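Okay, structure first, notes after.
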Amino acid sequence: MFRRALLSSLAALSLTLLALPGAHAGEVSVAVASNFTAPMQKIAALFEQDTGHSAKLSFGATGKFYAQIANGAPFAVLLAADDKTPEKIASQGLGDGASRFTYAIGQLALWSKQAGYVDAEGKVLSQGDWQHIAIANPKLAPYGAAAMQTLDKLGLAAQLQPRVVTGENIGQTYQFAASGNAQLGFVALSQVTEDGKLREGSAWVVPAGMHEPIRQDAIVLGPGQGNEAAAALMQYLRGDKARAIIKAYGYSF
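Residue numbers (the working numbering): 28 to 280.
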């Protein structure tokens, strides 16, 4: 009798443990576009809290991540700064095309650490007394490509080229502007705002029509197929908690 009751209790305890978030906790290695650093750090913390799975994050330029993935880097998920790279990855059999979706649409901003320096229409580009402007490498970083498209649209690309300081990715580009090594920088709006408010300095939010849409896609890569944590993360990014964080950093969907 006692033995039967004990076995029943142990079985119930086992079922309870299986239901806990950490019961089948796994890890997913995620390559994350630099512009998405702050929101992804918050999302990853909540993801682990809610599911028990952990996300190992690496931040960098989407172009460089592609080169690493093509050479066998063991990332399970890519959160790109564009939609073209995940599309190419899927077409080359390096990822699961069916898993691909747009997790955010990015916003470009012209920013200065100095308050009141950048006007609401971006006229400082042609009228300011600044010496350097930081732009992410347009060959590697979609935000850099969008910045150059904006300058082309304004007819200023050739004129301002001698004053351009190129960042390897949008994270380094922000650092150039934040340190004062460049008086201006084309950065991701997410890097300088939180909860819809500018954290410091001054900015011009570039109208969407000035450049191609910055659609940022996620995709499960070859090493992530069959990984429970990777599948859970992709689902979590579509959820209300993640979307609230993404929206708070100035992205749309």
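A virtual CB, placed ideally from N, CA and C, is assigned to each residue, including glycine.
Please read these numbers as outputs of a predicted model, since none were measured by experiment.
- One thing to note: Leu105 has its Cβ within 7 Å of the Cβ of Ala58.
- Under the 10 Å beta carbon count, Phe213 is surrounded by 16 or more other beta carbons and is classified as buried.
- A check of alpha carbon separations from Val233 across Ala257, Leu264 and Leu181 identifies Leu181 as the nearest.
- For the 7 Å CB-CB criterion, Gly194 and Ala163 form a contact.
- Just measuring C-alpha positions, the residue of Tyr201, Ala72, Glu114 and Gln262 sitting nearest Gly124 is Glu114.
- In this structure, DSSP gives Gly194 an extended state, which the three-state scheme calls strand.
- Residue pairing from DSSP leaves Ala100 without any beta-bridge partner.
- The C-alpha of Ala184 is placed about 29 Å away from the C-alpha of Lys224.
- Between the C-alpha atoms of Gly251 and Phe102 there is a straight-line separation of about 7 Å.
- Rounded to the nearest whole angstrom, the CA to CA distance from Ala275 to Asp109 is 20 Å.
- Of the candidates Gly228, Arg265 and Ala161, Ala161 places its Cα closest to the Cα of Gly198.
- Every unbroken stretch of the beta strand (DSSP E) spanning 3 or more residues and falling wholly within the segment 46 to 129 is given here in chain order: 54 to 60, 81 to 87 and 104 to 106.
- Spatial neighbours of Val151 in its own chain (CB-CB distance under 6 Å, excluding positions within 5 residues in sequence) are listed in chain order as Val145.
- Per DSSP, reduced to three states, the secondary structure at Asp244 is strand.
- Closest in alpha carbon position to Thr129, among Val247, Glu255 and Gly53, is Val247.
- Around the beta carbon of Asp244, a 10 Å sphere encloses 16 or more other beta carbons of the protein chains shown; the residue is thus reported as buried.
- Counting only runs of at least 4 residues, the segment 134 to 217 fully encloses the following alpha helix (DSSP H) elements, listed from N- to C-terminal order: 151 to 154, 169 to 181, 184 to 187 and 197 to 206.
- For Ala258, the uninterrupted alpha helix (DSSP H) run begins and ends at Glu255 to Leu264, by DSSP.
- Burial is judged here by how many other beta carbons sit within 10 angstroms of a residue's own beta carbon; Asn98 has fewer than 16 and is exposed.
- A distance below 7 Å separates the beta carbons of Lys69 and Ile272.
- Rounded to whole angstroms, the gap between the alpha carbons of Gly253 and Pro165 is 34 Å.
- Burial state of Gly266 is exposed, judged by a 10 Å Cβ sphere holding fewer than 16 other Cβ atoms.
- Our two residues, Val55 and Ala209, have alpha carbons roughly 36 Å apart in a direct line.
- When DSSP states are grouped into helix, strand and coil, Val219 belongs to the helix group.
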